[in-house]
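K.L.:
If you read the sequences in order, they're chains A and B. Heads up: the first sequence is residues 1 to 114, going by our numbering. Heads up: the second sequence is residues 1 to 112, going by our numbering. Every residue, glycine too, gets a C-beta built ideally from N, C-alpha and C.
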Amino acid sequence: AQKVTQAQTEISVVEKEDVTLDCVYETRDTTYYLFWYKQPPSGELVFLIRRNSFDEQNEISGRYSWNFQKSTSSFNFTITASQVVDSAVYFCALYYNYGQNFVFGPGTRLSVLP
Amino acid sequence: DTEVTQTPKHLVMGMTNKKSLKCEQHMGHRAMYWYKQKAKKPPELMFVYSYEKLSINESVPSRFSPECPNSSLLNLHLHALQPEDSALYLCASSQGGPQPQHFGDGTRLSIL
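What follows is the structure, given as structure tokens:
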């Protein structure tokens with residue numbers, strides 16, 4: 001079965017704190033892709049990153065970083081020095097080849113307080 | 001501003017009405033998607049069009065009828081909806097397969 005779990009339903013932090021959003025996935029495919037999307041209150045989902053199953057290099061983009069570990073089937077997302085504008089729901093998603101379909105995790109609602 | 005445009009942004013309709021949601025993209029993407037999202041839930045895939053042909057229908061009730069008039073446009077025709085169909089309807093487009101999807105702002109639909 002293809003499944004994405006985001007165990008943290010809601011997280012609240014104070015501005016400038018670092019925060020890590022967890023994502024654990026399940027798939028029997030050897031070729032798959034993992035994504036993170038941000039959904040601010042306005043509604044649209046904003047693409048943040050895509051990793052394929054053969055590339056375990058961690059990635060940093062400004063204050064954002066991602067840690068992909070196949071050994072634990074995890075693809076965690078860290079925001080460094082959080083800002084109020086980071087407040088949103090964050091979804092981790094899995095694309096698996098045979099289903100040619102996306103599976104979204106349940107999402108984590110992040111609130112960054114001033 | 002998003003590159004995928006959805007209209008209208010809000011829609012209130014009765015259960016006997018017929019209405020349509022519209023989605024437009026000009027990024028040359030070959031795949032377009034409709035998702036339904038209930039409050040505090042992730043998006044659920046409804047339909048996928050690839051090269052203007054319906055390729056995936058996730059067992060959606062027939063009161064939802066998709067249409068892809070051309071490669072840039074995607075419609076969702078609504079008829080005889082139920083109160084439980086109230087949700088945010090999101091359109092997305094991509095180059096297909098595992099390529100990132102680009103989402104519109106969505107249409108917030110309320111069924112009275």
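(1) Of all the options B/Q82, B/P8 and B/P69, which has the alpha carbon lying nearest to the alpha carbon of B/M15?
(2) With distances taken Cα to Cα, identify the nearest neighbour of A/W66 among A/F104, A/G43, A/V24 and A/L45.
(3) Is there a C-beta anywhere in chain A that falls below 8 Å from the one on B/D105?
(4) Tell whether a beta-carbon distance below 8 Å holds between A/F91 and A/L45.
(5) For B/A92, does the count of other Cβ atoms within 10 angstroms reach 16, so buried, or fall short, so exposed?
(6) B/H102 versus chain A: which residues are under 8 Å apart at the beta carbon?
(7) Between the stretch 3 to 12 of chain B and the stretch 98 to 110 of chain B, do three or more beta carbon pairs fall short of 8 Å?
(8) Short check: CB of A/F77 to CB of A/T20, under 8 Å?
(9) Taking a Cβ distance cut-off of 8 Å, strictly less, list which residues of the stretch 39 to 70 of chain A are near chain B, in chain order.
(10) Closest Cβ-Cβ distance between B/P66 and chain A: below 8 Å?
(11) Report buried or exposed for B/T107, applying the criterion of at least 16 other Cβ atoms within 10 angstroms of its Cβ.
(12) Compile a chain-ordered list of the residues in the stretch 85 to 101 of chain B whose CB is closer than 9 Å to at least one CB of chain A.
(13) In this structure, how does DSSP classify A/E15 when only helix, strand and coil are distinguished?
(14) Is the shortest distance between the beta-carbon of B/L45 and the beta-carbons of chain A less than 8 Å?
P.N.:
In short, the structure shows the following:
(1) B/Q82
(2) A/V24
(3) yes
(4) Going by C-beta atoms, A/F91 is nearer than 8 Å to A/L45.
(5) buried
(6) F47
(7) yes
(8) Judged by their CB atoms, A/F77 and A/T20 are nearer to each other than the 8 Å cut-off.
(9) Cβ contacts with chain B come from S42, G43, E44, L45, V46, F47, R50 and N52.
(10) no
(11) buried
(12) Under the 9 Å Cβ criterion, the stretch 85 to 101 of chain B contributes L88, L90, A92, G96, G97, P98, Q99, P100 and Q101.
(13) coil
(14) yes
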